[in-house]
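If you read the sequence shown in my numbering, its first letter stands for residue 8, the second for the next number, and so on. Beta carbons: idealized from backbone N, C-alpha and C, even for Gly.
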Amino acid sequence: MGVSGLLWAVRVLVLLQSVTGILGWGKEGHYATCKIAEGYLTAEALAAVKELLPESAEGDLANVCSWPDEIRFHYHWSSALHYVDTPDFRCNYEYCRDCHDSSRRKDRCVSGAIYNYTSQLSSVYQNSISESNYNLTEALLFLSHFIGDVHQPLHVGFLGDLGGNTIQVRWYRRKSNLHHVWDNMIIESALKTFYSSDLATMIRAIQNNITENWSNQQPLWEHCANNHTVCPNLYASESISLACKFAYKNAVPGSTLEDDSLSFSAAHCGKETSPGGHSVSCHSQPHFRFSHENCSSMMIKR
Numbered sequence: 008m009g010v011s012g013l014l015w016a017v018r019v020l021v022l023l024q025s026v027t028g029i030l031g032w033g034k035e036g037h038y039a040t041c042k043i044a045e046g047y048l049t050a051e052a053l054a055a056v057k058e059l060l061p062e063s064a065e066g067d068l069a070n071v072c073s074w075p076d077e078i079r080f081h082y083h084w085s086s087a088l089h090y091v092d093t094p095d096f097r098c099n100y101e102y103c104r105d106c107h108d109s110s111r112r113k114d115r116c117v118s119g120a121i122y123n124y125t126s127q128l129s130s131v132y133q134n135s136i137s138e139s140n141y142n143l144t145e146a147l148l149f150l151s152h153f154i155g156d157v158h159q160p161l162h163v164g165f166l167g168d169l170g171g172n173t174i175q176v177r178w179y180r181r182k183s184n185l186h187h188v189w190d191n192m193i194i195e196s197a198l199k200t201f202y203s204s205d206l207a208t209m210i211r212a213i214q215n216n217i218t219e220n221w222s223n224q225q226p227l228w229e230h231c232a233n234n235h236t237v238c239p240n241l242y243a244s245e246s247i248s249l250a251c252k253f254a255y256k257n258a259v260p261g262s263t264l265e266d267d268s269l270s271f272s273a274a275h276c277g278k279e280t281s282p283g284g285h286s287v288s289c290h291s292q293p294h295f296r297f298s299h300e301n302c303s304s305m306m307i308k309r
């Protein structure tokens, strides 16, 4: 596998951060984000990705983009990597304050995971693929998935309600919790209402928007401060801002959510998904490496 091809794939996966938004939500969203990402890969990068894919993927990254959700109860250590909790009603995010798990172990959050798995995939600069100390297949699948998660507003939510999980609401007539509404039910309704329940149609619509309507914004999607390969802190900050502005708005226990949230979905479901799609282009504890934030703990050992 060409090192340059793999690194280009990492770059595309990261670029698709800006495109994910609503499509990073739920199984359909993760599938769509990775499907869009594959369309931006060079032939060499696509070959590098396919070499890392498990057999179950059948040569398609999108088929395994939800794998981290499927194994999170077997890989117990990975559960905290799907989200980051912030102080209630602050409506802001700070890596050093917020990126830790329930045991206060630093760097255990979705932003830290994106840094970590990008670092693992980028390690092929120093070592050949065969000499890598990391499971690069899992690194690819985790990175692809977490790029979607960091864009879901309630994966960056309030600690007090566990990202909306403890707020019981109705989505139209169906009982659920606020987190599940934003994770799954909004995109399901958007697919049915605007795309006749055809995910392929929605993906094509977003791809057309990327090339025809949003092409002038692509340089903004590609930019990270200080020339970092990834900038999940920026997207986590945007997500908590969106959570406060839209997801938590009027979401009191027992309330019914419908048209306002679906209208938000229709307006953002391509544009927010585009940067994410444009950025995604053993059960032992992993060895985490970080070098992007000046916090006291930048490495977590096994």
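Problem - Helix, strand or coil at His81 [DSSP, three-state] - result: For the purposes of this step, residue 81 is identified with residue 74 of the sequence shown, where counting begins at 1. Three-state DSSP puts His81 in coil, outside helix and strand.
Exercise for the section: Please classify Asp168: is it buried, with 16 or more other beta-carbons within 10 angstroms of its beta-carbon, or exposed? Expected result: The count along the sequence shown starts at 1 and reaches residue 168 at position 161. Of the residues assessed, Asp168 falls on the buried side of the cut-off, its CB having 16 or more other CB atoms within 10 angstroms.
Practice task
Please determine, among Ser246, Phe253, Glu58, the residue with the shortest C-alpha to C-alpha distance to Asp92.
Solution key: Position 85 of the sequence shown, counting from 1, holds the residue named residue 92. By alpha-carbon distance to Asp92, the top candidate from Ser246, Phe253, Glu58 is Ser246.
Exercise for the section: Please state if the CB of Tyr38 and the CB of Ala69 are separated by a distance shorter than 8 Å. Expected result: Position 62 of the sequence shown holds residue 69. Position 31 of the sequence shown holds residue 38. One thing to note: Ala69 has its Cβ within 8 Å of the Cβ of Tyr38.
Exercise for the section: Counting only the same chain and skipping the five closest in sequence on each side, list residues whose C-beta sits under 7 Å from that of Ile174. Expected result: Numbered from its first residue, the sequence shown carries residue 174 at position 167. In the same chain as Ile174, and ignoring 5 residues on each side of it, the C-beta atoms closer than 7 Å to its own belong to Asp168, Asn184, Leu185, Ala258, Pro260, in chain order.
Practice task
Kindly indicate the opening and closing residues of the beta strand (DSSP E) around Ser183.
Solution key: For the purposes of this step, residue 183 is identified with residue 176 of the sequence shown, where counting begins at 1. Start and end: 181-184.
Exercise for the section: Tell me, please, whether the region 104-121 touches the region 148-158 by the rule of three or more beta-carbon pairs shorter than 8 Å. Expected result: Yes: the two stretches touch, three or more of their Cβ pairs being nearer than 8 Å.
Practice task
Have a look at Asp266 and Phe96 and give me their C-alpha separation to the nearest angstrom.
Solution key: If you number the sequence shown from 1, residue 266 lands on position 259. If you number the sequence shown from 1, residue 96 lands on position 89. Put simply, the backbone Cα of Asp266 is about 24 Å away from that of Phe96.
Exercise for the section: Check Leu198 in the structure and name its three-state DSSP category. Expected result: Taking the first residue of the sequence shown as 1, we reach residue 198 at position 191. It is helical.
Handout entry: Proximity to His89 [Cα-Cα], best of Lys256, Ala243, Thr263, Leu264
Key = If you number the sequence shown from 1, residue 89 lands on position 82. Cα-wise, what sits closest to His89 is Ala243.
Handout entry: 6 Å Cβ shell around Lys34 - same chain, five flanking residues per side excluded
Key = If you number the sequence shown from 1, residue 34 lands on position 27. Apart from the 5 residues on each side of it in sequence, Lys34 sits with its Cβ closer than 6 Å to the Cβ of Ser73 in its chain, given in chain order.
Problem - Alpha carbon of Thr40 to alpha carbon of Tyr141, nearest angstrom - result: Translated into the one-based positions of the sequence shown, residue 40 becomes position 33. Translated into the one-based positions of the sequence shown, residue 141 becomes position 134. The straight-line gap from Cα to Cα measures roughly 25 Å.
Exercise for the section: Would you identify the three-state DSSP class for Thr218, choosing helix, strand or coil? Expected result: Taking the first residue of the sequence shown as position 1, residue 218 is located at position 211. Note: Thr218 maps to helix in three-state DSSP.
Handout entry: Backbone secondary structure at Gln159 - three-state DSSP
Key = Here residue 159 refers to the residue found at position 152 of the sequence shown. Under the three-state reduction of DSSP, Gln159 is assigned to coil, being neither helix nor strand.
Problem - Exposure label - Phe149; buried when at least 16 CB within 10 Å - result: Counted from its first residue, the sequence shown places residue 149 at position 142. Here Phe149 is buried, its C-beta having at least 16 other C-beta atoms within 10 Å.
Practice task
Using only alpha-carbon positions, find the residue among Trp84, Ala16, Glu101 that is nearest to Ala55.
Solution key: Residue numbering aside, residue 55 sits at position 48 when the sequence shown is read from its first letter. Ranking Trp84, Ala16, Glu101 by Cα distance to Ala55 puts Ala16 first.
Exercise for the section: Report, in whole angstroms, the separation of the C-beta atoms of Val176 and Thr263, which I expect to be a contact under 8 Å. Expected result: Within the sequence shown, residue 176 is the residue found at index 169, counting from 1. Within the sequence shown, residue 263 is the residue found at index 256, counting from 1. Confirmed, about 7 Å.
Practice task
Output the distance between the C-alpha atoms of Ala64 and Ser85, rounded to the nearest integer angstrom.
Solution key: The count along the sequence shown starts at 1 and reaches residue 64 at position 57. The count along the sequence shown starts at 1 and reaches residue 85 at position 78. Straight-line Cα distance between these residues: approximately 21 Å.
Exercise for the section: Just the C-alpha distance for Gly36 and Ser203, rounded to the nearest angstrom, thanks. Expected result: Sequence index remark: in the sequence shown, residue 36 carries index 29 (1-based). Sequence index remark: in the sequence shown, residue 203 carries index 196 (1-based). Taking the straight line from one Cα to the other gives about 16 Å.
Problem - Ala197 to Ser139 span [Cα, whole Å] - result: In the sequence shown, counting from the first residue as 1, residue 197 sits at position 190. In the sequence shown, counting from the first residue as 1, residue 139 sits at position 132. Those two C-alpha atoms are separated by around 42 Å.
Handout entry: Residue range of the alpha helix (DSSP H) that includes Val188
Key = For this step, residue 188 is matched to residue 181 along the sequence shown. That residue, Val188, is in no alpha helix (DSSP H); it is neither H nor E in DSSP.
Problem - Inter-residue spacing [alpha-carbon to alpha-carbon] between Leu249 and Ser109 - result: Along the sequence shown, one-based indexing puts residue 249 at 242. Along the sequence shown, one-based indexing puts residue 109 at 102. So the alpha carbons of these two residues sit roughly 24 Å apart.
Practice task
Go ahead and label Gly66 buried or exposed: buried means 16 or more other beta carbons lie within 10 angstroms of its beta carbon, across all protein chains shown.
Solution key: Your numbering for residue 66 matches position 59 in the sequence shown. Gly66 comes out exposed.
Problem - Close Cβ partners of Glu195 (< 8 Å) along its chain, the five nearest in sequence each way excluded - result: To locate residue 195, count along the sequence shown from 1; it is residue 188. For Glu195, where only same-chain residues beyond five positions count, the Cβ hits under 8 Å are Gly33, Glu35.
Problem - Where the alpha helix (DSSP H) containing Val56 begins and where it ends - result: Locating residue 56 in the sequence shown gives position 49, where the first residue counts as 1. Counting along the chain, the alpha helix (DSSP H) containing Val56 begins and ends at 50-59.
Practice task
Please go through the same chain and pick out, in chain order, the residues whose beta-carbon is closer than 6 Å to the beta-carbon of Cys251, but skip the five residues on each side of it.
Solution key: Residue 251 sits at position 244 when you count from the first residue of the sequence shown. When the five nearest sequence neighbours on each side are left out, the beta carbons in the same chain lying within less than 6 Å of the beta carbon of Cys251 are those of Cys98, in order along the chain.
Exercise for the section: Could you check if Thr125 is buried or exposed, using at least 16 other CB atoms within 10 Å of its CB as the buried criterion? Expected result: Counting from 1 along the sequence shown, the entry for residue 125 is found at position 118. Under this definition Thr125 is a buried residue.
Exercise for the section: Return yes when at least one heavy atom of the ligand ATP lies under 7 Å from the C-beta of Lys182, else no. Expected result: Looking for the ligand ATP in the displayed structure turns up nothing, as the structure carries no ligands at all.
Practice task
Assign Lys256 to one of three DSSP states: helix, strand, or coil.
Solution key: Mapped onto the sequence shown, residue 256 falls at position 249. In this structure, Lys256 counts as coil in the three-state DSSP scheme.
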